[in-house]
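Chemist: Residue numbers (the numbering used here): 1 to 280.
Glycine included, C-beta positions come from ideal geometry on N, C-alpha and C.
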Ligand SMILES: Nc1ncnc2c1ncn2[C@@H]1O[C@H](COP(=O)(O)OP(=O)(O)OP(=O)(O)O)[C@@H](O)[C@H]1O
Ligand SMILES: [Mg+2]
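(1) CA-CA distance, residue 233 and residue 144?
(2) Going by DSSP in three states, residue 128 sits in which element: helix, strand or coil?
(3) Under the rule that 16 or more other beta-carbon atoms within 10 Å means buried, what is residue 30, buried or exposed?
(4) With a threshold of 7 Å, establish whether the CB of residue 175 neighbours any heavy atom of ligand 3.
(5) For residue 76, which residues in the same chain have their Cβ closer than 7 Å to its Cβ, ignoring the five residues on either side in sequence?
(6) Which runs of the alpha helix (DSSP H) at least 4 residues long sit entirely within the stretch 41-89? Give them in chain order.
(7) Measuring CB to CB, does residue 107 end up less than 8 Å from residue 113?
(8) Alpha carbon to alpha carbon, what distance is there between residue 41 and residue 6?
(9) Please give the ranges of any beta strand (DSSP E) in the stretch 147-205, keeping only runs that are unbroken, at least 3 residues long and fully inside the region.
(10) Taking 7 Å as the cut-off, is the C-beta of residue 246 nearer than that to any heavy atom in ligand 1?
(11) Under 6 Å Cβ to Cβ from residue 214, same chain only, skipping five residues before and after it: list those, please.
(12) Judging by CA-CA distance, which residue of 152, 100 and 162 is the nearest neighbour of residue 130?
(13) Between 87, 24 and 28, which has its C-alpha nearest residue 44's C-alpha?
(14) With a 10 Å radius around its C-beta and 16 neighbouring C-beta atoms as the bar for buried, classify residue 181 as buried or exposed.
(15) Keeping to the same chain, check which residues put their C-beta closer than 6 Å to that of residue 125; ignore five residues upstream and five downstream.
(16) Compute the minimum distance between the beta carbon of residue 49 and the heavy atoms of ligand 2, and state whether it is under 7 Å.
(17) Do the CB positions of residue 210 and residue 250 come within less than 8 Å of each other?
(18) List the residues that DSSP assigns as beta-bridge partners of residue 37.
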């Protein structure tokens with residue numbers, strides 16, 4: 001028996017836009033096993049975020065079922081709904097707009113703990129916050145600072161710590177590196193990999209392109225126009241893609257060229273050295 005944390009069955013979500021029905025998600029089914037990272041990949045408008053929002057019960061499905069640990073989440077109320085909210089957490093795409101600029105890092109990370117465990121001692125919450133900062137690679141002296149004092153990558157680390165604060169089993173990541181510099185993207189992807197390995201986290205990881213999910217995800221589902229065109233292990237998908245749309249996505253992955261990379265690096269170093277000389 002496979003141990004599925006998440007089961008999505010015949011999920012459909014429609015929107016009515018100016019009297020017209022738009023089927024954002026069209027009868028899709030997939031599972032995510034405990035400890036697995038499933039990538040959900042597809043171009044803009046293919047229905048990835050709508051799927052994520054249904055999985056997190058931020059919106060209701062038009063049809064179909066979403067089950068977390070075997071429990072249908074669409075009927076949860078009260079205490080069970082709160083427990084679900086701590087079991088499934090979201091990491092947002094934009095670390096600039098998703099952190100409250102008036103709160104400091106400590107408050108941002110502690111907020112979820114306070115909501116889910118309102119009677120917890122302040123010293124316990126503080127210790128947990130410090131530990132979470134360490135888990136995501138930030139320092140304790142960052143605690144009192146506001147989001148504006150951080151880079152995009154650091155902000156995303158804060159967003160991840162906030163999501164982890166309530167000890168979720170499932171982390172839904174909706175393009176969490178898309179708005180970051182390319183050089184920072186790999187660091188955050190490595191952090192997700194590390195969290196998966198160390199904490200046994202289960203991930204539903206959304207991306208536009210196959211390159212991003214290549215190393216992190218065990219399996220990948222390819223979405224187009226609200227449907228899953230193909231789902232398989234990353235080996236299957238990369239070495240033997242079946243659907244034309246998957247093939248097109250693979251063709252779009254840039255080939256890493258070490259010679260070209262080295263040339264650019266040398267150029268950047270020379271330019272930096274020239275700037276340093278000019279400034280001296
Ligand atoms: N609240 C809404 N009201 C009306 N239409 C919506 C709404 N949310 C999504 N849609 C439509 O549903 C379709 C899927 O959108 P969705 O945001 O899920 O795509 P996506 O794959 O996440 O795209 P992106 O990569 O740009 O984030 C699109 O046609 C979109 O316009
Ligand atoms: Mg989206």
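Modeler: Taking the geometry as given:
(1) For the pair residue 233 and residue 144, the Cα-to-Cα distance works out to about 43 Å.
(2) In this structure, DSSP gives residue 128 a helical state, which the three-state scheme calls helix.
(3) Residue 30 comes out buried.
(4) Summarising the ligand content, the structure contains ligand 1 and ligand 2 and does not contain ligand 3.
(5) If you ignore the 5 residues before and after residue 76, its C-beta comes within less than 7 Å of the C-beta of 84, all in its own chain and listed in chain order.
(6) Complete alpha helix (DSSP H) runs here, min 4: 48-55 and 78-87.
(7) Here residue 107 is not near residue 113, since their CB atoms are 8 Å or more apart.
(8) Spanning the two alpha carbons is a distance of roughly 17 Å.
(9) The qualifying runs are 170-174.
(10) Incorrect: residue 246 has no Cβ contact closer than 7 Å to ligand 1.
(11) The beta carbon of residue 214 is closer than 6 Å to none in its chain, skipping five residues each way along the sequence.
(12) The shortest Cα separation from residue 130 among 152, 100 and 162 belongs to 162.
(13) Of the residues 87, 24 and 28, the one whose Cα lies closest to the Cα of residue 44 is 24.
(14) It is exposed - the Cβ of residue 181 has fewer than 16 other Cβ atoms within 10 Å.
(15) Within the same chain, residue 125 has close Cβ partners 110 and 113.
(16) Residue 49 Cβ: within cutoff of ligand 2.
(17) Yes.
(18) Answer is 203.
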